[in-house]
Amino acid sequence: MPSITDFSAMTTQPAFDHPREDRRLSGNPLRTTWNHFTNTSGEVDAGIWACEVGSWRIAFPDNKDEFFFVTEGRCRLTDEHGHAVEAGPGNALVIPAGFKGVFDVLEPVKKHYVIVERKVSTTI
Numbered sequence: 001m002p003s004i005t006d007f008s009a010m011t012t013q014p015a016f017d018h019p020r021e022d023r024r025l026s027g028n029p030l031r032t033t034w035n036h037f038t039n040t041s042g043e044v045d046a047g048i049w050a051c052e053v054g055s056w057r058i059a060f061p062d063n064k065d066e067f068f069f070v071t072e073g074r075c076r077l078t079d080e081h082g083h084a085v086e087a088g089p090g091n092a093l094v095i096p097a098g099f100k101g102v103f104d105v106l107e108p109v110k111k112h113y114v115i116v117e118r119k120v121s122t123t124i
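Just so we're aligned: 32 in full-length UniProt numbering is position 32 of the sequence shown, and the numbers increase by one with no gaps anywhere.
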C-alpha cells in the first residue's frame with residue numbers, strides 16, 4: 001500500500017558525484033543526492049540535493065522536467081540566450097524539458113527536488 005514520504009524521517013544513504021569533466025566550467029563541485037522517493041514506473045524522483053560552489057553546462061532531454069525549492073545557499077541558472085535567474089532560500093524554479101544552459105552554485109546550496117522523466121515510447 002502506498003504511503004506518504006516524509007523527508008525529515010528518511011534515512012536514505014546519499015549518492016555522491018561531480019559534474020562531467022566535459023561540462024565543467026569552474027571548480028569540481030561535489031554533489032550529494034538523497035533520493036527519498038521513486039514512483040513505481042520510475043518516472044518520478046523526489047529528494048534533497050546539495051552541492052559545493054562551481055558551475056557546469058546542463059542539457060535536459062525533451063522528456064525531463066525538474067521542480068526545485070532552495071532551502072540553503074544560492075544558485076543561478078542561465079539559459080543558452082543569456083537570460084539568468086538566481087535562487088536562494090525560499091525560491092522555487094522549474095527547469096523545463098529541453099533546457100540548455102549553465103547551472104552556477106554561487107554559495108553551497110541545498111534544494112528539495114521533484115524530477116519527472118517520462119519514458120520515451122519506442123513504438124513506431
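The beta-carbon is built from N, C-alpha and C at its ideal position, and this holds for glycine as well. Remember, predicted model here, so these are calculated numbers, not experimental data.
Length of the line joining the Cα atoms of residue i and residue j
| i | j | result |
| --- | --- | --- |
| Glu66 | Glu21 | 22 Å |
| Arg57 | Ala15 | 20 Å |
| Gly90 | Val120 | 33 Å |
| Asn39 | Ser26 | 34 Å |
| Asp79 | Pro96 | 11 Å |
| Glu117 | Val102 | 20 Å |
| Ala84 | Val94 | 13 Å |
| Lys64 | Gly82 | 21 Å |
Limits of the beta strand (DSSP E) - the one that residue i falls within
| i | result |
| --- | --- |
| Asp45 | 44–51 |
| Leu25 | 24–26 |
| Ile58 | 54–59 |
| Asn35 | 31–38 |
| Ile95 | 92–95 |
| Glu21 | Unbroken run through Glu21: none, as it is neither H nor E. |
Residue(s) in a DSSP beta bridge with residue i
| i | result |
| --- | --- |
| Gly101 | Ile58, Asp79 |
| Phe68 | Leu93, Tyr113 |
Self-check item: Contact between the stretch 93–109 and the stretch 44–56 (3+ Cβ pairs under 8 Å)
Solution: yes
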